[in-house]
Each structure stands twice: as C-alpha cells, then as structure tokens.
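Beneath this line is the structure, given in structure tokens, with notes to follow.
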Amino acid sequence: MDAHRAETSNAVGLTPDYADLHLDKQLCLALQVASSLVTRIYRGLLEPLGLTHPQYLVLIALWERTDRCSMGDLRRGLCMDTGAVTPLVKRMEVAGLLTRSRDVVDERRVWVDLTASGWALRDKVLAVRRDVVERLPLSGNEIAAMRSNLQSFNAGMLASTPPLR
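Those letters in the sequence shown? Residues 1 to 165, by the UniProt record's numbering.
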C-alpha cells in the first residue's frame, strides 16, 4: 500500500483505533435524526392548525396542569432556556392562544394562562398526536419503552449538567 493510500485509509477511520468515529456509532446523530424525523411528521400535521411543534409542547404543558403555570414552570417543564421560551410564548399570545400576566405579589413572576382559543385546540391536537403515533414504525409498547429510556437518559444528563437559565 502506498503512503497516500495508507494515510487516506487512516483518515477515513478504517483502522480499529478510529472505529468509534464512524457515523453509525454516534448517539448524537441517531438522536438528532430521530428527533428530526418525528418533528417533521408533527410539523405537517400541526401546520393546518397554525401551530409549530414547540407551540404544541407549550399547549400540552399548560393543558396538563391543574394549577397556574409561571414562565419558570414552563421553562423547566420543557427544558428550555428563557431566551427560547419567552419569544415562543409571546408569539402564542399574539395568536390569541394564551395570556401573560405579572404576579401581583412578586412582579418577577409571570403567569401564563390559556385562552378559550388555546383550550379549543385540545381535541384537534389530540387527533394529531394519535396520527403521529400511527405513523411511527413502533408498537405502543416500543414507544413507551423508548420514551422511558430517553426520559431516564435525560434525567441523568440534566442531573450532571448545570441548570438551564
């Protein structure tokens, strides 16, 4: 083998020393592709409702609560930083899906409440979620197991990284 070919072989990871650098060994890529493919399904189904996937998640976070939700609660529940949640919620407020109001006791706290329009989307969004599940190449049990594994993974990662601001 000539020197150029040996150098090229090493560069593309054909030696055992570099086996971990193959694309099929990358958890980050597998997670990114899976997220992108699932989000693409959601995007197509949510678009006719005038919703984005992040807005869908905000609605779910608000629908599942029995008490009021602050911006901080929302940020923590969605694992998003303030810089991402604030413009998202502002756009949803402009769209008439929710309202924001300052707490009368602690002005630093901002409450997020669904409007009648936000509540009215619940049945349509439930249908979207069911449609997405039907399109996934997994059984209900496989989806539940994958979600559980990813939730455990995420909890471990969050416990070992600095908190979101």
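Idealized CB from N, CA, C, for every residue including glycine.
Could you pull out every residue in the same chain whose Cβ sits closer than 8 Å to the Cβ of residue i, ignoring the five residues on either side in sequence?
| i | result |
| --- | --- |
| Arg43 | Thr52 and His53 |
| Leu158 | Cys79 |
Check whether the Cβ atoms of residue i and residue j lie closer than 8 Å to each other.
| i | j | result |
| --- | --- | --- |
| Arg135 | Ile41 | yes |
| Leu114 | Leu62 | yes |
| Leu37 | Leu29 | no |
For residue i, which beta-bridge partners are listed by DSSP?
| i | result |
| --- | --- |
| Cys69 | Val112 |
Using three-state DSSP, classify residue i as helix, strand or coil.
| i | result |
| --- | --- |
| Leu29 | helix |
| Leu98 | strand |
| Pro54 | helix |
| Pro16 | helix |
| Thr82 | helix |
In angstroms, rounded to a whole number, what distance separates the CA positions of residue i and residue j?
| i | j | result |
| --- | --- | --- |
| Leu27 | Thr86 | 30 Å |
| Val104 | Thr66 | 20 Å |
| residue 166 | Ala120 | Residue 166 is absent from the structure shown; the chain starts at 1 and stops at 165. |
| Val112 | Val89 | 8 Å |
| Phe153 | Leu78 | 15 Å |
| Asp81 | Tyr18 | 35 Å |
| Asp106 | Ser70 | 12 Å |
If I measure Cβ to Cβ from residue i and keep anything under 7 Å in the same chain, skipping five residues before and after, which residues do I get?
| i | result |
| --- | --- |
| residue 181 | Shown here, the chain extends from 1 to 165; a query on residue 181 therefore has no answer. |
| Gly96 | Thr115 and Ser117 |
Suppose the cutoff is 6 Å on Cβ atoms and the five residues either side in sequence are ignored; what does the same chain contact list for residue i look like?
| i | result |
| --- | --- |
| Arg68 | Trp111 |
| Leu45 | Val128 and Asp131 |
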